[in-house]
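Everything on this sheet refers to the single structure shown next.
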Amino acid sequence: MTSISLRELTQRSEHIVRAVAATGHNVVITDRDQAIVRIVPISSPDSPVKQLVAAGILSHAPEPYSQPAATAPQPRHTDNLRPGTDVISLLDRDDRL
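In UniProt numbering, the protein residues as written are 1 to 97.
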């Protein structure tokens, strides 16, 4: 990553911006040896999304919003209630509020 002073940016801004766009490299602007801003090309390979993909944190899904391959879990069968039992009648009044 290239680092230039604020004064150099002021004097050569057009050249620096064109170089950043052509090379795809970031340029850090400093003021009194303190980094104050970074110039990054729009199509930078260092975009946050590409950095996350390269780090393995983010992955590309082949089909957006696709269902997982595994089957959904089946509901458990409860043998505690007899068929036709009114469940609401089994609850206390406080449980129904």
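Beta carbons are placed, not taken as given, at the ideal position from N, Cα and C, and that holds for glycine.
* Residue range of the alpha helix (DSSP H) that includes Arg12 -> On the sequence shown, position 12 is the one that residue 12 refers to. Run containing Arg12: 6-23, per the alpha helix (DSSP H) assignment.
* For Asp31, the first and last residue of its enclosing beta strand (DSSP E) -> Along the sequence shown, one-based indexing puts residue 31 at 31. First-last of the beta strand (DSSP E) with Asp31: 27-31.
* Asked: Under the three-state reduction of DSSP, which class applies to Val37: helix, strand or coil?
  -> The residue given as residue 37 occupies position 37 in the sequence shown. Val37: strand per DSSP, three-state reduction.
* According to DSSP, what are the bridge partners of Ser47? -> Mapped onto the sequence shown, residue 47 falls at position 47. DSSP, once it has assigned bridges, lists no residue as partnering Ser47.
* Would the beta-carbon of Leu9 fall within 8 Å of that of Ile29? -> Within the sequence shown, numbered from 1, the residue matching residue 9 stands at position 9. Within the sequence shown, numbered from 1, the residue matching residue 29 stands at position 29. Yes, the pair counts as a contact, with Cβ atoms nearer than the cut-off.
* Output the distance between the C-alpha atoms of Leu52 and Arg12, rounded to the nearest integer angstrom. => Sequence index remark: in the sequence shown, residue 52 carries index 52 (1-based). Sequence index remark: in the sequence shown, residue 12 carries index 12 (1-based). Approximately 33 Å between the Cα atoms of the pair.
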